[in-house]
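Novice: One structure coming up, written as structure tokens, with questions to follow.
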Amino acid sequence: MKSTARRLLALLLAASLALSSGMLAFADGITEGDGSSVTVGTGEAGTIGEEETPGDTGTPDDTDASGDIENPGDTTGTTPGDTTGTTPGDTSDGTDPSDGTDPSGGDDTSGGTDPSGGDENPDEGDPSGGTGNPDETVIPENVQALIDRISALPTAEDVLNGVWTGDMSQLLAEVNSLMSEFDTIGVGGQALIPDDLAAKLAGLEELLSNSASLMSVAPTDICRIDDTGYSTLADAFAHAGENDEIVLLADTTVNTGIAVTTPVTLNLNGHTITNLVEKERPFQVTASSFAIDGTVAGSKMEIPESNTSSYGFIKVADTSVITVDGGTYTGDTDNGAFIKIFHSDEPVLDASGSTVYFTNAEMSSNNQFFSTDTLTTDANTPTLVVNGGTYTTDGQAFGIDVIPPSPVTFTDVTVTAGTGPVIEVCGPAATFDNCDFTVTNSTDPSHFQATAVGVSQGGTAVIDGGSYTSTGYGIYVYSSGGSITVKDGIVEGGVAAAKADVDLNTYPFATSEIYLQGGEFKGTIQKTSTGKETIKISGGTFDTDVSNYVASGSQCIPDGNGNYIIGNDENAVVEMDGKKYPSLASAVHATQPGQPATIKLLKPTSGSGVKVPEGSNIIFDFGGHTYTVTDPLVGSTGTETNAFQLLKDSTIVMRNGTIKAGSSALIMIQNYSDLTYVDMTLDASESSQCQYVSSNNHGTINITGNTNIYAAPGQVAFDVCYWGDSSDYASGVTVNIDTTGTIEGKIEYSYLNATVAGKGGIANKAKLNIANGTINGSITLAGGASEADKPNITITGGSFKEDVKKYVDEGHDELVTKRGSTPYIVGKFSDGGAASAMGQQTVYKVTQTNSDGELIDVYYLTEKEAQDAAGAGGTVITVTRPSTGSSSSSSQKTPYQEERPFWDRVVNRIEDAEAGDTVKANAESCTLV
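Take a look at the structure:
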């Protein structure tokens with residue numbers, strides 16, 4: 050059987066090598082006699098089309114002991130499809146049709162061979178002698194049956210780890226049977242077995258070859274150490290050597306305490322340990338280390354409801370390193386913690402220098418998950434490290450009654466506790482990074498225990514990120530003193546977000562300090578008044594005025610949204626009238642109605658939405674920087690979906706910078722003011738939810754300089770929307786575009802709530818004027834607007850994605866070019882000027898009518914295009930540019946004008962050409978023929 054396993058492994062290796070070299074070849078020169086030995090031939094590849102006897106002399110290495118058996122894998126000269134000597138279905142050549150192998154043990158070499166080097170199956174051969182469809186692999190029924198049986202087997206790993214708990218003797222018999230049948234299907238059949246299944250069978254054979262030791266794990270054993278089984282955990286721990294791993298094979302109960310005297314790992318392996326130990330913990334550790342591996346899904350330790358006097362799970366009685374990695378741990382304790390570090394004189398126990406690691410565990414209880422005895426000296430201090438995981442308790446989650454400084458670290462930990470604090474930092478130095486602590490105490494929120502993070506006895510804590518919430522206090526330095534520093538995160542308390550307390554009668558030398566450097570604080574900031582309390586605020590956002598606690602050099606600034614931002618020169622992002630502010634919104638809030646103000650962005654920054662009140666007069670100078678809008682947004686009550694909301698009767702200028710939609714805004718700029726963009730970029734190209742980049746419902750809007758507007762695909766770059774039934778916006782809206790920049794996205798022209806009877810005057814209430822710009826989007830009518838209403842859209846210049854002649858103003862012309870994505874160019878052109886601008890010697894003019902019935906001239910590159918536009922009976926005028934080009938009188942410069950470098954015009958002409966066109970260039974011109 051082992052020789053077959055080696056063959057399986059050899060086949061896997063051969064397949065791997067073949068795939069890595071881009072070849073598909075199998076060594077089919079494997080011969081077997083009685084099964085006790087195997088000889089592998091070289092399987093030389095033949096040369097297609099070169100005739101040679103298939104049984105040509107092999108190399109000496111290819112002979113058997115008698116020297117007369119040739120290498121059956123030598124197919125030199127064999128033509129693909131050659132079946133000479135092998136008639137489909139004919140077995141007269143001594144070949145068994147089931148596997149293509151001579152039953153005597155030697156392969157027949159008189160018949161043709163498969164070009165791949167494997168034996169042909171006569172029953173599957175193409176009667177024509179061809180190879181059939183090479184993309185189709187036909188798996189014989191006997192091979193498929195073998196594949197199905199191997200698929201149904203457990204893996205060797207599952208057998209070894211007790212995941213599979215079937216009958217071992219039956220498994221052994223099935224593997225032996227499969228190995229025997231694997232031998233009978235020949236190399237061609239074996240090659241059809243998927244690699245992973247071949248590896249699975251080989252692994253089981255290797256494991257079961259040592260079945261004598263494996264079988265020492267009896268069906269009644271609940272755990273093992275290596276390949277030795279044990280019927281109880283206590284027996285396994287008693288026999289464990291240093292650093293052994295005890296692997297659970299079944300669920301089990303523990304009724305009496307187990308002494309852990311040797312460093313070991315207990316692998317729960319997806320099983321459950323039920324703790325029935327009363328008035329004690331089941332694992333009592335004096336070893337230098339003890340680890341619980343609960344990383345396999347389903348791993349669990351539990352205290353059932355029937356055990357009403359359990360103390361938890363692990364008693365640390367001597368200095369040790371305890372690790373709990375993964376798993377679920379549940380149950381109530383009788384005033385005990387799941388893990389406790391002991392220090393006592395009677396009996397003498399001292400585990401004070403121990404370290405405990407919790408990693409990604411899920412725990413729930415009525416009590417603590419970790420605690421220590423009181424330690425008053427710093428000879429040895431414990432360490433607690435909690436990384437990840439979820440911890441839910443009716444009481445306090447973690448307790449550490451240690452006076453000397455001792456490291457406590459929480460990272461990405463979620464805790465929900467009925468009473469607080471989640472942990473009281475009594476002396477240790479603690480760090481909390483990106484944790485989520487919630488204390489739900491509702492009976493007495495004003496009690497000091499209703500705290501997310503508490504500090505006492507001179508302890509220190511640093512919070513950096515996460516959320517720390519309680520019905521009472523978010524953070525609290527108790528009356529015995531200590532310090533808390535918050536760098537970032539959300540701190541929230543129903544009574545107070547933060548409190549510093551000192552009791553000089555009990556602790557005459559105590560001081561309490563709180564330093565708030567950043568984050569979001571919800572709730573008041575409180576302290577007692579002994580003079581030993583310090584609260585310094587140098588950063589963050591607060592929902593109450595904290596001016597009394599602001600550090601020197603900082604300011605407490607209302608942000609206009611009901612909050613207060615702490616700012617200083619170092620973290621200032623904008624400046625207005627010589628004063629610096631921590632946010633754009635806070636600077637706007639500090640402006641006065643009607644008073645001119647210039648707000649300058651000092652650096653690239655992100656910030657909340659900005660609401661500009663009615664009657665404002667503000668210049669936003671972005672200073673070449675980018676302002677990325679994040680939540681929270683602004684807008685009317687209930688519809689806070691705007692990045693900027695600019696209210697009516699205001700005069701606003703936005704210049705020299707970029708606004709980027711980095712939030713969930715549906716509208717980047719909602720405008721009701723007189724607004725001018727100068728050299729601005731409004732970028733919502735990557736915000737698919739942003740429906741409008743600049744929505745204009747009232748006022749006069751000027752888009753000037755090199756201003757660019759980018760909408761996401763399918764969205765609106767800007768709109769011109771008249772609110773017909775609103776007296777607040779009765780004067781209407783006008784948008785003027787005169788930019789050298791690009792507008793990507795739709796331009797939407799609409800009337801909202803305008804009655805039919807009033808439509809006669811609507812055209813004067815919604816105006817769109819385009820004098821310049823690259824408009825890479827369509828002009829669409831919406832919200833009741835239609836061409837029949839003669840929308841007030843006037844185009845005198847620019848280049849466009851779509852034909853806009855119906856909106857071209859009288860006295861202006863349209864050029865129909867093949868220029869890029871915006872081939873329609875509008876301006877004022879003479880005939881010669883149009884030809885020159887289009888880079889042609891000859892163009893074709895058709896006089897057409899715009900939507901107002903006015904006549905405009907449209908110029909085309911080819912006579913056919915012009916004639917198609919003119920229609921039957923229409924007039925097409927051929928326009929020829931004077932050879933000097935001096936007749937051009939265009940008032941608008943385009944990419945084809947004469948003053949451009951000659952080769953630029955040649956390149957443009959080539960880009961405009963279609964298949965079959967001819968571009969003719971000479972010293973004076975470049976034309977499309």
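Numbering of the sequence shown is given in the numbering used here, commencing with residue 50 and proceeding in unit increments.
Positions of the beta carbon are idealized from the N, C-alpha and C atoms, including for glycine.
1. For the beta strand (DSSP E) containing asparagine 304, name the first residue and the last one.
2. Compute the Euclidean distance between the alpha carbons of glycine 2 and asparagine 612, then round it to the nearest angstrom.
3. Can you give me the Cβ contacts of alanine 884 inside the same chain, cut-off strictly under 6 Å, excluding the 5 residues immediately before and after it?
4. Could you compute how far the alpha carbon of serine 393 sits from the alpha carbon of glutamine 219?
5. Is DSSP giving threonine 967 helix, strand or coil here?
6. So the beta strand (DSSP E) isoleucine 996 belongs to, where does it begin and stop?
7. Can you look up valine 370 in the DSSP assignment and give me helix, strand or coil?
8. In the DSSP assignment, find the unbroken beta strand (DSSP E) run with alanine 710 in it and report its ends.
9. Anyone know if the C-beta pair for valine 895 and leucine 817 falls short of 9 Å?
10. For methionine 228, write down the residues that DSSP places opposite it in a beta bridge.
11. Mind reading off the beta-carbon distance from phenylalanine 570 to valine 540? Whole number of angstroms is fine, and I expect it under 8 Å.
12. Could you tell me which whole beta strand (DSSP E) segments of length 3 or greater appear in the stretch 323 to 388?
13. Can you tell which of Ala478, Gly822, Leu651 and Gly542 has its C-alpha closest to the C-alpha of methionine 625?
14. I need the DSSP call for tyrosine 676, collapsed to helix, strand or coil.
15. If you pair each beta-carbon of the stretch 718 to 729 with each one of the stretch 741 to 755, do three or more pairs fall below 8 Å?
16. Would you report the Cα separation of tyrosine 522 and valine 551, rounded to the nearest angstrom?
17. Just mark valine 397 as buried or exposed, buried being the case when its beta carbon has 16 or more other beta carbons within 10 Å.
18. Output the boundary residues of the alpha helix (DSSP H) element that contains aspartate 284.
19. So is phenylalanine 407 buried or exposed if we call it buried at 16+ other beta carbons inside 10 Å?
20. Using 8 Å as the threshold, is the stretch 207 to 219 in touch with the stretch 185 to 199, meaning 3 or more CB pairs across them?
21. Could you check what DSSP says for glutamate 619 in three-state terms: helix, strand or coil?
22. Can you name the start and end residues of the beta strand (DSSP E) that tyrosine 685 belongs to?
23. Quick one: is proline 268 buried, meaning 16 or more other Cβ sit within 10 Å of its Cβ, or exposed?
24. Where does aspartate 862 sit, in a helix, a strand or coil, going by DSSP?
25. Between which two residues does the beta strand (DSSP E) holding valine 405 run?
26. Is it true that the stretch 488 to 502 meets the stretch 552 to 564, where meeting means three or more beta-carbon pairs spaced less than 8 Å apart?
27. Considering only their Cβ atoms, is the gap separating threonine 789 from asparagine 825 smaller than 9 Å?
28. Quick one: grab the DSSP three-state call for alanine 499.
29. Between which two residues does the beta strand (DSSP E) holding isoleucine 667 run?
30. Secondary structure at asparagine 691, three-state DSSP: helix, strand or coil?
31. What ranges does the alpha helix (DSSP H) occupy inside the stretch 190 to 261, keeping only unbroken runs of at least 4 residues that lie completely in it?
32. Distance, Cα to Cα, isoleucine 615 vs threonine 707?
33. Given lysine 581, which residues of its chain have a CB within under 7 Å of its CB, disregarding the five upstream and five downstream residues?
34. What span of residues does the beta strand (DSSP E) with valine 769 cover, start to end?
35. What are the partner residues of glycine 531, as DSSP defines its beta bridges?
36. If you draw a straight line from the C-alpha of leucine 257 to the C-alpha of serine 338, how long is it?
Specialist: Based on what the coordinates show:
1. Within the sequence shown, numbered from 1, the residue matching residue 304 stands at position 255. Where asparagine 304 is concerned, there is no enclosing beta strand (DSSP E), given that its DSSP letter is neither H nor E.
2. Limits of the chain in this structure are 50 at one end and 978 at the other, which puts residue 2 out of reach.
3. Against the sequence shown, residue 884 aligns to sequence position 835. Counting only Cβ-Cβ distances below 6 Å, and skipping sequence neighbours, we find Val892, Val928 and Arg930.
4. Along the sequence shown, one-based indexing puts residue 393 at 344. Along the sequence shown, one-based indexing puts residue 219 at 170. The alpha-carbon atoms of serine 393 and glutamine 219 are separated by roughly 55 Å.
5. One-based indexing of the sequence shown puts residue 967 at position 918. Looking at threonine 967 - three-state DSSP - the assignment turns out to be coil, as it is neither helix nor strand.
6. Any answer about residue 996 is impossible in this case: the structure gives the chain only from 50 up to 978.
7. On the sequence shown, position 321 is the one that residue 370 refers to. Here valine 370 sits in strand by DSSP.
8. The residue labelled residue 710 in the question sits at position 661 within the sequence shown. Its beta strand (DSSP E) spans residues 700 to 710.
9. Position 846 of the sequence shown, counting from 1, holds the residue named residue 895. Position 768 of the sequence shown, counting from 1, holds the residue named residue 817. Contact flag unset, no.
10. For the purposes of this step, residue 228 is taken as the residue at position 179 of the sequence shown. Its beta-bridge partners do not exist; DSSP assigns none.
11. As a first step, residue 570 must be located in the sequence shown, where it is residue number 521. As a first step, residue 540 must be located in the sequence shown, where it is residue number 491. Sure, about 5 Å apart at Cβ, within 8 Å.
12. 332 to 334, 338 to 343, 349 to 351, 363 to 365, 370 to 375 and 377 to 379
13. In the sequence shown, the residue the question calls residue 625 occupies position 576. Taking only the C-alpha atoms, the option nearest methionine 625 is Leu651.
14. Here the question's residue 676 lines up with position 627 in the sequence shown. In this structure, tyrosine 676 counts as strand in the three-state DSSP scheme.
15. yes
16. Locating residue 522 in the sequence shown gives position 473, where the first residue counts as 1. Locating residue 551 in the sequence shown gives position 502, where the first residue counts as 1. Going by the C-alpha atoms only, they are around 16 Å apart.
17. As a first step, residue 397 must be located in the sequence shown, where it is residue number 348. With fewer than 16 Cβ atoms within 10 Å of its Cβ, valine 397 is classed as exposed.
18. For this step, residue 284 is matched to residue 235 along the sequence shown. Unbroken alpha helix (DSSP H) run through aspartate 284: 282 to 288.
19. Along the sequence shown, read from residue 1 onward, the residue named residue 407 stands at position 358. It is buried - the Cβ of phenylalanine 407 has at least 16 other Cβ atoms within 10 Å.
20. no
21. By 1-based counting over the sequence shown, the position of residue 619 is 570. In the structure shown, glutamate 619 sits in coil (DSSP, three-state: anything other than H, G, I, E or B).
22. Reading the sequence shown from its first residue, position 636 is the one you call residue 685. Checking the displayed sequence, the identity of residue 685 turns out to be serine instead of tyrosine. Segment 683 to 685, the beta strand (DSSP E) holding serine 685.
23. Start at 1 with the first residue of the sequence shown, and residue 268 comes out as number 219. So proline 268 ends up on the exposed side.
24. What you label residue 862 is simply residue 813 of the sequence shown in a count that begins at 1. Note: aspartate 862 maps to strand in three-state DSSP.
25. As a first step, residue 405 is located in the sequence shown; it is residue number 356 there, counting from the start. It spans 404 to 408 - the beta strand (DSSP E) in which valine 405 sits, taken as one unbroken run.
26. no
27. In the sequence shown, counting from the first residue as 1, residue 825 sits at position 776. In the sequence shown, counting from the first residue as 1, residue 789 sits at position 740. No, they are not a contact pair.
28. Here residue 499 corresponds to residue number 450 of the sequence shown, with the count starting at 1. Residue state, collapsed to three classes: coil.
29. Stepping through the sequence shown from its first residue, residue 667 is reached at position 618. Segment 666 to 670, the beta strand (DSSP E) holding isoleucine 667.
30. What you label residue 691 is simply residue 642 of the sequence shown in a count that begins at 1. Note: asparagine 691 maps to strand in three-state DSSP.
31. 190 to 200, 205 to 209, 217 to 233, 235 to 239 and 244 to 257
32. Residue mapping note: residue 615 aligns to position 566 of the sequence shown, counting from 1. Residue mapping note: residue 707 aligns to position 658 of the sequence shown, counting from 1. Their Cα atoms are separated by approximately 25 Å.
33. Translated into the one-based positions of the sequence shown, residue 581 becomes position 532. Once the five neighbours on either side are set aside, the close Cβ partners of lysine 581 are Val551, Leu553, Ala559, Thr560 and Ser561.
34. Taking the first residue of the sequence shown as 1, we reach residue 769 at position 720. Its beta strand (DSSP E) spans residues 765 to 772.
35. Translated into the one-based positions of the sequence shown, residue 531 becomes position 482. For glycine 531, which the question treats as bridged, DSSP gives the partners Gly508 and Ser561.
36. On the sequence shown, position 208 is the one that residue 257 refers to. On the sequence shown, position 289 is the one that residue 338 refers to. Each residue's Cα considered, the two are about 34 Å apart.
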